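Peer 1: Handing you this structure, nothing more for now.
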Amino acid sequence: MTTGNAEHREDEGEHTMTRTPEPPSDTGTPAGPRYDRPAVDAFTAPYWRAAADGRLLLRRCRAEGCGVAHHYPREFCPRCWSEDVVWEEASGRAQLYTWSVVHRNALPPFHERTPYVAAVVELAEGPRMMTEIVDCARGALSVGMELRVAFRAAQADGSGGADSGEIAVPVFRPA
Ligand SMILES: [Zn+2]
Numbered sequence: 001m002t003t004g005n006a007e008h009r010e011d012e013g014e015h016t017m018t019r020t021p022e023p024p025s026d027t028g029t030p031a032g033p034r035y036d037r038p039a040v041d042a043f044t045a046p047y048w049r050a051a052a053d054g055r056l057l058l059r060r061c062r063a064e065g066c067g068v069a070h071h072y073p074r075e076f077c078p079r080c081w082s083e084d085v086v087w088e089e090a091s092g093r094a095q096l097y098t099w100s101v102v103h104r105n106a107l108p109p110f111h112e113r114t115p116y117v118a119a120v121v122e123l124a125e126g127p128r129m130m131t132e133i134v135d136c137a138r139g140a141l142s143v144g145m146e147l148r149v150a151f152r153a154a155q156a157d158g159s160g161g162a163d164s165g166e167i168a169v170p171v172f173r174p175a
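For the sequence shown, UniProt numbering puts the final residue at 175, and the numbers step up evenly by one.
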């Protein structure tokens, strides 16, 4: 991790915050894997620990002339590729950038939650983030509306070994 050619960095970019969905097997049976559980690994563990504590973390570049915050968390800056990147607590404030009301999703447990509002929000610190809008009537959604982060309890799948058990997933509600 001390060297950084482009190839290596591309590999680092493969960290994902959630498990990659597999195609549903499709009998519609509720048993089986759930797709709302993040796979926590050693790198993302601080993010999930903070979320469980009601805090949203971002990564910020400390390279001279950059200073850009990003999300999802990466071990290098996606703007300048510096590895001098640190965790920072976000304000939790955001504006709605775009959204879509999801009426069908075969992956458990989302099929039990429809309809729900999948959204991209723009954090006050700059990065845009995929999330869900909660506690808001669909007719009240509007681009640019002020939002505030909230956290929904979820269960980690423990596959990363770093953390498991109760965790929390950031969602947003009207401010
Ligand atoms: Zn940078």
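Glycine included, every Cβ here is placed at the ideal spot set by N, Cα and C.
Since we're looking at a predicted model, the values are computed, not measured.
Please classify residue 168 as buried or exposed, where buried requires at least 16 neighbouring CB atoms within 10 angstroms.
Peer 2: So residue 168 counts as buried.
Peer 1: Which one or two residues does DSSP pair with residue 100 in a beta bridge?
Peer 2: Partner(s): 118.
Peer 1: Taking the CB atoms as reference points, tell me whether residue 85 and residue 76 lie closer together than 8 Å.
Peer 2: For residue 85 and residue 76, yes; Cβs fall inside 8 Å.
Peer 1: Tell me the DSSP secondary structure of residue 49 in three-state form.
Peer 2: Residue state, collapsed to three classes: helix.
Peer 1: Cβ of residue 66 within 7 Å of any heavy atom in ligand 1?
Peer 2: Correct: residue 66 has its Cβ closer than 7 Å to ligand 1.
Peer 1: On the DSSP letters alone, give me the boundaries of the beta strand (DSSP E) that residue 87 sits inside.
Peer 2: Looking at the DSSP string, the run of the beta strand (DSSP E) that includes residue 87 is 85 to 89.
Peer 1: Give the range of the beta strand (DSSP E) segment to which residue 132 is assigned.
Peer 2: Here the beta strand (DSSP E) through residue 132 covers 128 to 133.
Peer 1: What residues are listed by DSSP as bridge partners for residue 180?
Peer 2: The chain is shown only over 1 to 175; residue 180 falls outside these bounds and no answer can be derived.
Peer 1: On the CB-based measure, 16 or more other CB atoms within 10 Å of its CB, does residue 51 come out buried or exposed?
Peer 2: Result: buried.
Peer 1: What does a CB cutoff of less than 6 Å around residue 70 pick up in its chain, not counting 5 residues either side in sequence?
Peer 2: So the list reads 59, 78, 127, once near-sequence residues are dropped.
Peer 1: Could you tell me the alpha carbon to alpha carbon distance between residue 57 and residue 89, rounded to whole angstroms?
Peer 2: If you take the alpha carbons of residue 57 and residue 89, they lie about 5 Å apart.
Peer 1: Our contact map puts residue 96 next to residue 145 with C-beta atoms below 8 Å; I'd like the distance itself, whole angstroms only.
Peer 2: With 8 Å as the limit, residue 96 and residue 145 qualify as a contact, their Cβ atoms being about 5 Å apart.
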